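Chains as they are written, first to last, in my numbering: chain R, 1 to 341; chain A, 342 to 682.
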DNA sequence: CGTCGCATATGAAACGTTTCATCAAATCGT
DNA sequence: ACGATTTGATGAAACGTTTCATATGCGACG
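Given below as structure tokens:
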């Protein structure tokens, strides 16, 4: 209840209760046996002076900070915020705090942030790095000495990972389009060596193969997940001599750029072009017409990532990395129709 | 470069360099004078063993953690994520880390999270509490002993604050509607004692007064900022015997609910009803028709919040709380038209 | 030539916990 | 009633830093 100007310590509590600091500590941590009468006395002292233990000092002693770091490209995009939110809930429940940061997809920032997390003795890290996890950067990650969960990245055997099955979802979507008669289907997505882009391309090719068709490589545009890239790629594709009849927007926040590009050319959806996005959003749902999407449960990805980390922290067993694949679904909405003939 | 299995400490560095730990510390912190030759020797030892200081131990000693906490209702809504993002950038620049958490607008969670931040010795907190800042909760906040920046809440003299001028923006919007001939304008917004709601109501009334009109109180629906409330309130209003001809959605993530409600009744915008949202979003921008909005610069709010906190940390001077009002603008888009007569 | 002062390096204390080896007191069995 | 055992409290060490009061070496000055 009461509060001094100056923070009081376990020593003050011990003094007030007339016991040794060790005893207060045992009471605080419910350790072994403390005589009920002493326990009450200590408890009362604690309550009266509104004492609560200094977590930094505890961390220093026990070597664990109950802090998890999270390094993503951009927490400002709703999908990733959804991931963070879900992971937060799981961690919070377990008494862990979440330290977040934006890498902006820049390599040196990713390194810097991770070094900071290591210095701060974070107990674990969730990260979806843009730096390729090979060679020097891979060594760097391993030597950090912190359990890592990779988020939507190629699985490695020395770390846990969660991924969404972009290949599967993309394949469903493309097959649907082909079934409708589309033969010129564009796929735009991010840096092509990054898992989500790579998998979408893979799914795209598989669909074409399944129908015995050959891909026009000029219809696959890759390089950046940014909305601005969505606009740029879509504009370029639509301006071609022989434009696509359908566009797959293969990045969680690229859809708005693609829609702007279509709109700026005065084209209609799905009359002039069919559109499919990646990841659900209010935009996709409430757009006119509603945009079909390939989607997965972002919250589930967050929960799994946090869960894997907690598991690893509990059982120090340095088992092999575990990898969880979250399924992808194709949601058909009015933005998809047969190609204009 | 090299890395031992076990983390090495300043002691190891001292040993390797053949100096005392104090000397290593002085080198690390660029303190006073160290003979160049010694400095080189120490630096080399540091580099060779890839040593980096344990931030927890540093915090313990110097009493500062370089950590800022952030407690919001829901980081999953893009507007708030935008706030977090901007604040993060400013803090990151200054070497601070950001600890985030979701209060879900629940009082006991807010308290719990703040207690946790205090235990962790956070250097400051940014918070937009849902618990009214009076009486016991106010005392609790003050006694936390951590600098606080209130985000979009009523200003108090003992803490800094950033607010958006919702009253001004709402007034502009309502005046525009009245000017177009609207007389039955609905305002839906959150818990009516919370700053953003209260201000919007204030602006709404001011606009009516400015035109010498009287308000039909049944058109002002308050109680929750959730999208689901947007749907509920809008549905109720549209179902009235004498429905409004315009709706102001007075909550950053209520618009989708309002739009769903309008859609579910098969009404057209702006033919049957004019719509204005709060806070810009891809949804508002790319909707058909685009939705007019009352908006403010969320990133600016985040930057200011972080800036106020850093200022306060630097100059321990316990000056009075400073308060920054971020302006609101009305963006007219196609979702607004004259009322059907 | 002795002493003062300055430049630098040292070692120990301190930050607030937890834990562990002791130690004192109480309880038990015979 | 007395040694053996258990129960429960104690005090100090340890975690990895920073900092501060000393200590040492060295050139300069009277």
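In this text, a Cβ means the ideal position worked out from N, Cα and C, and glycines have one as well. Since this is a predicted model, take the numbers as computed values, not measurements.
Nearest-angstrom Cα distance between residue i and residue j?
i, j, result
"residue 289 of chain R", "residue 674 of chain A", "19 Å"
"residue 500 of chain A", "residue 226 of chain R", "38 Å"
"residue 543 of chain A", "residue 12 of chain R", "50 Å"
"residue 648 of chain A", "residue 429 of chain A", "11 Å"
"residue 660 of chain A", "residue 44 of chain R", "35 Å"
"residue 618 of chain A", "residue 530 of chain A", "11 Å"
"residue 670 of chain A", "residue 432 of chain A", "27 Å"
"residue 662 of chain A", "residue 502 of chain A", "7 Å"
"residue 142 of chain R", "residue 597 of chain A", "44 Å"
"residue 383 of chain A", "residue 363 of chain A", "11 Å"
"residue 371 of chain A", "residue 99 of chain R", "28 Å"
"residue 62 of chain R", "residue 105 of chain R", "34 Å"
"residue 147 of chain R", "residue 124 of chain R", "5 Å"
"residue 625 of chain A", "residue 634 of chain A", "8 Å"
"residue 18 of chain R", "residue 55 of chain R", "24 Å"
"residue 297 of chain R", "residue 326 of chain R", "7 Å"
"residue 415 of chain A", "residue 154 of chain R", "30 Å"
"residue 591 of chain A", "residue 680 of chain A", "20 Å"
"residue 599 of chain A", "residue 421 of chain A", "19 Å"
"residue 537 of chain A", "residue 507 of chain A", "6 Å"
"residue 533 of chain A", "residue 564 of chain A", "6 Å"
"residue 410 of chain A", "residue 39 of chain R", "33 Å"
"residue 664 of chain A", "residue 247 of chain R", "48 Å"
Around the Cβ of residue i, are there at least 16 other Cβ atoms within 10 angstroms (buried) or fewer (exposed)?
i, result
"residue 342 of chain A", "Confidence at residue 342 of chain A is low in this model, with a pLDDT of 38, below 50, so the placement of that residue is unreliable and no value is reported for it."
"residue 580 of chain A", "exposed"
"residue 586 of chain A", "buried"
"residue 268 of chain R", "exposed"
"residue 682 of chain A", "exposed"
"residue 475 of chain A", "exposed"
"residue 345 of chain A", "Low confidence applies to residue 345 of chain A: its pLDDT is 39, below 50, so where it sits in the model is not reliable, and the reading given next is rough at best. When all chains shown are included, residue 345 of chain A counts as exposed."
"residue 456 of chain A", "exposed"
"residue 463 of chain A", "buried"
"residue 145 of chain R", "exposed"
"residue 295 of chain R", "buried"
"residue 451 of chain A", "buried"
"residue 554 of chain A", "exposed"
"residue 242 of chain R", "exposed"
Can you find a heavy atom of the ligand NAP that lies under 8 Å from the Cβ of residue i?
i, result
"residue 442 of chain A", "What this structure holds is no ligand at all, so the ligand NAP is not there to describe."
Using the beta-carbon of each residue, which ones in chain R are nearer than 8 Å to residue i?
i, result
"residue 406 of chain A", "56"
"residue 429 of chain A", "75, 100, 101 and 102"
Using the beta-carbon of each residue, which ones in chain R are nearer than 9 Å to residue i?
i, result
"residue 587 of chain A", "Residues of chain R passing the Cβ test: none, with the nearest at roughly 19 Å."
"residue 628 of chain A", "283, 286, 287 and 288"
Under the DSSP definition of a beta bridge, which residues are partnered with residue i?
i, result
"residue 331 of chain R", "R:293"
"residue 517 of chain A", "Paired residue(s): none; residue 517 of chain A is not in a bridge."
"residue 501 of chain A", "A:490"
"residue 413 of chain A", "A:443"
"residue 526 of chain A", "A:587"
"residue 325 of chain R", "R:163"
"residue 126 of chain R", "R:70 and R:149"
"residue 277 of chain R", "R:293"
At which residues does the alpha helix (DSSP H) containing residue i begin and terminate?
i, result
"residue 362 of chain R", "Outside the modelled stretch of chain R, which goes from 1 to 341, sits residue 362 of chain R, for which no answer is possible."
"residue 354 of chain A", "351-358"
"residue 88 of chain R", "78-93"
"residue 21 of chain R", "21-28"
"residue 306 of chain R", "298-314"
"residue 551 of chain A", "536-551"
"residue 236 of chain R", "227-238"
Under 7 Å Cβ-Cβ, which residues of chain R neighbour residue i?
i, result
"residue 425 of chain A", "75"
"residue 595 of chain A", "By Cβ distance, chain R contributes nothing, its closest Cβ being about 11 Å from residue 595 of chain A, past 7 Å."
"residue 400 of chain A", "56"
"residue 636 of chain A", "None at all; the shortest Cβ gap to chain R is about 16 Å."
Name the two residues that bound the continuous beta strand (DSSP E) containing residue i.
i, result
"residue 556 of chain A", "No beta strand (DSSP E) holds residue 556 of chain A; DSSP gives it neither H nor E."
"residue 720 of chain A", "With chain A covering only 342 through 682, there is no way to say anything about residue 720 of chain A."
Quick one: list the residues of chain A neighbouring residue i, beta-carbon separation under 7 Å, in chain order.
i, result
"residue 259 of chain R", "627"
"residue 107 of chain R", "Near residue 107 of chain R there are no residues of chain A at all, since even the closest Cβ is about 16 Å away, more than 7 Å."
"residue 92 of chain R", "442"
Going along chain A in order, which residues have a C-beta closer than 9 Å to the C-beta of residue i?
i, result
"residue 115 of chain R", "393"
Who are the neighbours of residue i on chain A, taking C-beta pairs under 8 Å?
i, result
"residue 147 of chain R", "Result: empty, since nearest Cβ-Cβ is about 15 Å, beyond 8 Å."
"residue 121 of chain R", "395, 396 and 397"
"residue 165 of chain R", "Those do not exist, as residue 165 of chain R stays about 23 Å from chain A at its closest Cβ, beyond 8 Å."
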